[in-house]
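Asks:
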Amino acid sequence: MRRLHKNSTDPPKSSDLESDDVSRDQHTRFGGLNPLKLMGGFVVCLMGLSVLFSVSVIFKDFTIWDSATDVAHGDASRILYVGPHRDLEQEDDPLASFVMHKKKLPSSGVEHGDKLLNGLLSSRFDEDSCLSRYQAASYRKESPYKPSSYLVSRLRRYEALHQRCGPHTESYNRAVAKLRSGETPEEGSDCNYLVWVSYSGLGNRILTLGSAFLYALLTNRVLLVDRGADLNDLFCEPFPEASWLLPLDFPIIDHFKNLNQQSPECFGNMLKTSSNSSSLSPYVYLHLVHDYNDHDKLFFCDQDQSFLQNVSWVIMKSDNYFIPSLFLMPTFEQELHTLFPEKETVFHFLGRYLFFPTNPVWGLITRYYNSYLAEADERIGIQVRVFDTRPGPFQYVLDQILACSFDNNMLPEISSNESLVASPGNQKSKAVLMTSLSSGYFEKIRDMYWEHATVTGEVVEVFQPSHEGYQQTEKKMHHRKAWAEMYLLSLTDKLITSSWSTFGYVAQSLGGLNPWILYKPENETTPNPACIRALSIEPCFHAPPFFDCKKRTGIDTGVIVPHVRHCEDMSWGLKLVNPRVDSIA
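Position 74 of the sequence shown, counting from 1, maps to 74 under UniProt numbering, and the rest follow consecutively.
(1) For aspartate 548, write down the residues that DSSP places opposite it in a beta bridge.
(2) With DSSP as the reference, identify every bridge partner of valine 222, one or two as the case may be.
(3) Tell me, please, which residues DSSP counts as bridged to proline 357.
(4) Would phenylalanine 235 and threonine 358 be called neighbours here (beta carbons separated by less than 8 Å)?
(5) Can you tell me which of the three DSSP states valine 432 falls into?
(6) Using only the heavy atoms of the ligand MN, determine whether one of them is closer than 7 Å to the beta carbon of glycine 512.
(7) So serine 490 and glycine 511 are in contact, right, with Cβ under 8 Å, and what is the actual spacing, rounded?
(8) For phenylalanine 213, I'd like the list of residues in its chain whose CB is within less than 7 Å of its CB, leaving aside the five on either flank, ordered along the chain.
(9) DSSP three-state call for isoleucine 445: helix, strand or coil?
(10) Give me the Cα-Cα distance between alanine 530 and glutamine 309, rounded to the nearest whole angstrom.
(11) According to DSSP, simplified to helix, strand and coil, what is glycine 268?
(12) Using 8 Å as the Cβ pair cut-off and three pairs as the minimum, do the region 525 to 539 and the region 396 to 411 touch?
(13) Quick check: the Cα distance between asparagine 220 and serine 122, rounded to an integer number of angstroms?
(14) Quick check on tryptophan 244: does DSSP put it in helix, strand or coil?
(15) Considering only C-alpha positions, which residue in the set Arg124, Lys146 and Leu131 is nearest to leucine 117?
(16) Name the DSSP bridge partner or partners of leucine 574?
(17) Put cysteine 130 into one of helix, strand or coil per three-state DSSP.
(18) Which same chain residues, not among the five before or five after aspartate 296, have their C-beta less than 6 Å away from its C-beta?
(19) Could you pull out every residue in the same chain whose Cβ sits closer than 8 Å to the Cβ of proline 240, ignoring the five residues on either side in sequence?
(20) Does the region 130 to 144 touch the region 190 to 197, meaning 3 or more C-beta pairs lie closer than 8 Å?
(21) Identify whether phenylalanine 340 lies in helix, strand or coil by the three-state DSSP scheme.
(22) Between Ser571, Ser405 and His452, which has its C-alpha nearest methionine 434's C-alpha?
(23) Excluding five sequence neighbours on each side, which residues of the same chain lie with their C-beta closer than 8 Å to the C-beta of phenylalanine 98?
(24) I need the DSSP call for arginine 154, collapsed to helix, strand or coil.
(25) Where does the unbroken beta strand (DSSP E) through arginine 533 begin, and where does it stop?
(26) Per DSSP, what kind of secondary structure is glutamate 522 in: helix, strand or coil?
(27) Is it buried or exposed, glycine 558, if we count other Cβ atoms within 10 angstroms and call 16 or more buried?
(28) Less than 8 Å between the C-beta atoms of serine 498 and histidine 467, yes or no?
(29) If you draw a straight line from the alpha carbon of asparagine 409 to that of histidine 478, how long is it in whole angstroms?
(30) Tell me lysine 115's beta-bridge partners as DSSP assigns them.
(31) So, for arginine 180: in the same chain, excluding its five sequence neighbours on each side, which residues have a beta-carbon less than 6 Å away from its beta-carbon?
(32) The beta strand (DSSP E) that contains leucine 437, what's its start and end?
(33) With histidine 479 as the anchor, note down where its alpha helix (DSSP H) starts and where it stops.
(34) Am I right that alanine 484 and leucine 364 are in contact with their C-beta atoms under 8 Å? What's the rounded C-beta distance?
(35) The beta strand (DSSP E) spanning arginine 379 covers which residue range?
(36) How should isoleucine 323 be labelled, buried or exposed, when 16 other C-beta atoms within 10 angstroms of its C-beta is the threshold for buried?
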């Protein structure tokens, strides 16, 4: 196709130069008036003019063909379909991709233009520094959920606090000086901090960072984040006019990797030794990792939260989405109810407020979306996580994916009639976006729809952006692709996810999608049923405490209140749901 777009500024061809030479040559010899030479020169000129005329006609025809194609298809974007498969790493200008996308928006208005998301986002940002912040709305259907006015006002108040107390402000510098000197912090300081330590895989980090922000909001702390290897490469700054990144000269930043349950600054250890010992330490370390012990879990008890009130610096390490247990704490109960009247929308709003892809990642997302997903009538996301460590693909996993897709009308079944050919016309198209570390399942499903017609006559196209083979937690491009794929899944219309997968949790919550969750297979057997519909769009807290803070005894925390229930994919986990009317009564 490239040959169709000749540039008018291209250097002239050798044939063009030759015709000029001939013309000049004939002029110098004209004085002789030799009839034979004159006739030869005339013939050469005619031949040159004929060549030039032919070339101009050809290029004119090409231009008309392009224009006719644009009119026939409504736009020029469909030409992308005949090109080679686009790799996520292929460079492009994300702003140019957005301009192209805007031209392709359907007249039905599925995508929407509320770039501030009903006030959730601040308008005080430079748009070019983070293109995704205000462009993302045009790639999504409008959310059926609306943030409460109280949540919007609290976010604006937090932004003012962060601007006043954030890195390199006078208050921050004073607090850091006290931390460096080991001085006891002043009581009643207006700037207290929660430092989130980068830990675990990308999906876990996104969920724990959202949890940490909500805890900071509830306790009037300023959230500062340890950037780890690449956090600033993946996410835009979420707060206007102030960074959330912990400065690299923070006094104890090199000590983060050594903090654990045995550290003298650990919350659980301090509770074991003395109820007042927090006043003797310049900071307290919260160990909320999956292996935390009973003393660490007292973080979720009201009476033990008071232990942290006068601590200027709280350092948190976690690999859990612990928000459901915050809803079980009386201290935060009313505030959380006012912030989130619809309980299942917590991470939906926090995620859409905090996590915007940086321009390089946004380029990966928009290039892929515009190339393969934008023109489909319906987009289906399938996220596959396999726990079998042997090389796949496995037939029992493929059978499970197809059973879930067919049984719930996500994908059409195929016809056994090899002579069946769908009649041309207004065929409905489905684009299937698959994400997996392996390409095996994508290839089998893609080939299935290539080799067989669908019983419904629908056209099914199957795509997979990458297949990294294994999780590469320290590679920049690996994390860029992972974040891009989570975001692409969140842009689909329907979603299938895998049990226990934080990757899927992030996608469903950002997209506001109630997914079908594939059951975790046992004994290499396809589960029956293959999947279950999620109770809500919220992630699952994989390692919640089972403890009655008042009675100091064990309790099932999944039956205390109607809006905190056990997860579909992990029976001991907790998740937020919108309670049914009958359960409240």
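Backbone N, C-alpha and C define an ideal beta-carbon position, used for all residues, glycine too. Quick caveat: nothing in here was measured; it's all calculated off a predicted structure.
Replies: Taking the definition as stated:
(1) Thr553
(2) Tyr193
(3) Phe235
(4) yes
(5) strand
(6) Because no ligand of any kind appears in the structure shown, any question about the ligand MN cannot be addressed here.
(7) 3 Å
(8) Leu223, Leu350 and Leu354
(9) helix
(10) 47 Å
(11) helix
(12) yes
(13) 19 Å
(14) coil
(15) Lys146
(16) Phe541 and His566
(17) coil
(18) Gly268 and His287
(19) Ser122, Arg124, Phe125, Glu159 and Gln163
(20) no
(21) coil
(22) Ser405
(23) Low local confidence applies: a pLDDT of 48 at phenylalanine 98 is under 50, so the model's placement there is unreliable, with the coordinate-based value given in what follows. Counting only Cβ-Cβ distances below 8 Å, and skipping sequence neighbours, we find Leu131, Gln135, Ser138 and Thr366.
(24) helix
(25) 531 to 533
(26) strand
(27) buried
(28) no
(29) 33 Å
(30) Beta-bridge pairing links lysine 115 to no other residue.
(31) Pro251
(32) Premise fails: leucine 437 is in no beta strand (DSSP E) and is neither H nor E.
(33) 476 to 490
(34) 4 Å
(35) 378 to 383
(36) buried
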